[in-house]
Amino acid sequence: MSFSPRDFRDCLGQFATGVAVVTTRTGDGSKAGITINSFASVSLDPALVLFSVDQRAATHALFAGPCTRFCINILHQNQQAVSELFSAPGQDGWDNVSFEDDGHGMPRLTGALASFSCKRHAVHDGGDHSIIVGQVDHLVMGQTGDPLLYYGGRYRGLDRE
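FYI, the numbering for the sequence shown is 3 to 163, going by the working numbering.
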């Protein structure tokens, strides 16, 4: 390999991505979530989407293991604090996050641009990440526009540098 992991990461950072939070509930009913920017559609029929989770992440065992339902929430640019909360270990700030039930017992973040309620379809090895594929069985379109973006190692919006 003629490049370092930092070089690889810096080049990947030239691809602007949206920011989302995947939420779930554990077997004991407690809420968990993780910030992602690796979200993509897989198939229209059936409706499949994917995201990846670092195998070292505290929530990896939940999404790759017992939690077979989850909700993917595409964040509005005014939800940067929500993204930061779910990108940090511990995640004890649920009292400061507005959410509602997605109809399947999963927390759906209010104010999100769109939310996809999913049942896990498959888990694939992806090197140091696991690729989680979900079958969408319900979706909610929130207010459109003004997504929270991530580019060049920092948060961006369509209307800000």
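All C-beta atoms in this analysis are idealised placements derived from N, C-alpha and C, irrespective of residue type, glycine included.
Taking residue i and residue j to be in contact with their CB atoms under 8 Å, please state how far apart those CB atoms are, rounded to whole angstroms.
{"i": "V24", "j": "F72", "result": "5 Å"}
{"i": "T37", "j": "C69", "result": "Contact doesn't hold; Cβ gap of about 16 Å is too wide."}
{"i": "D105", "j": "S119", "result": "The sequence shown places Gly at residue 105, rather than the Asp named in the question. Indeed, because the Cβ distance is near 7 Å, the residues count as touching under 8 Å."}
{"i": "Q82", "j": "L115", "result": "Not a contact, Cβ separation roughly 14 Å."}
{"i": "L111", "j": "N75", "result": "4 Å"}
{"i": "D219", "j": "Q79", "result": "For the chain, the structure presents residues 3 to 163; residue 219 sits outside this window and is missing."}
If you run the structure through DSSP and keep just helix, strand and coil, what is residue i?
{"i": "R58", "result": "coil"}
{"i": "L141", "result": "strand"}
{"i": "F72", "result": "strand"}
{"i": "L111", "result": "strand"}
{"i": "S89", "result": "helix"}
{"i": "D103", "result": "strand"}
{"i": "A124", "result": "strand"}
{"i": "F118", "result": "strand"}
{"i": "V84", "result": "helix"}
{"i": "D47", "result": "coil"}
{"i": "F17", "result": "coil"}
{"i": "F5", "result": "coil"}
{"i": "D161", "result": "coil"}
{"i": "D30", "result": "coil"}
{"i": "D130", "result": "coil"}
State the beta-bridge partners of residue i as determined by DSSP.
{"i": "P149", "result": "H78"}
{"i": "L52", "result": "A42 and V135"}
{"i": "V23", "result": "T37 and N75"}
{"i": "R156", "result": "Y153"}
Touching by the beta-carbon criterion (3+ pairs, under 8 Å), the region 44-56 and the region 123-143: yes
Cβ contact check for the region 85-101 and the region 18-37: 3 or more pairs under 8 Å: yes
Stretch pair the region 132-139 + the region 148-163: three plus CB contacts closer than 8 Å: no
Three or more C-beta pairs below 8 Å linking the region 5-19 and the region 59-76: no
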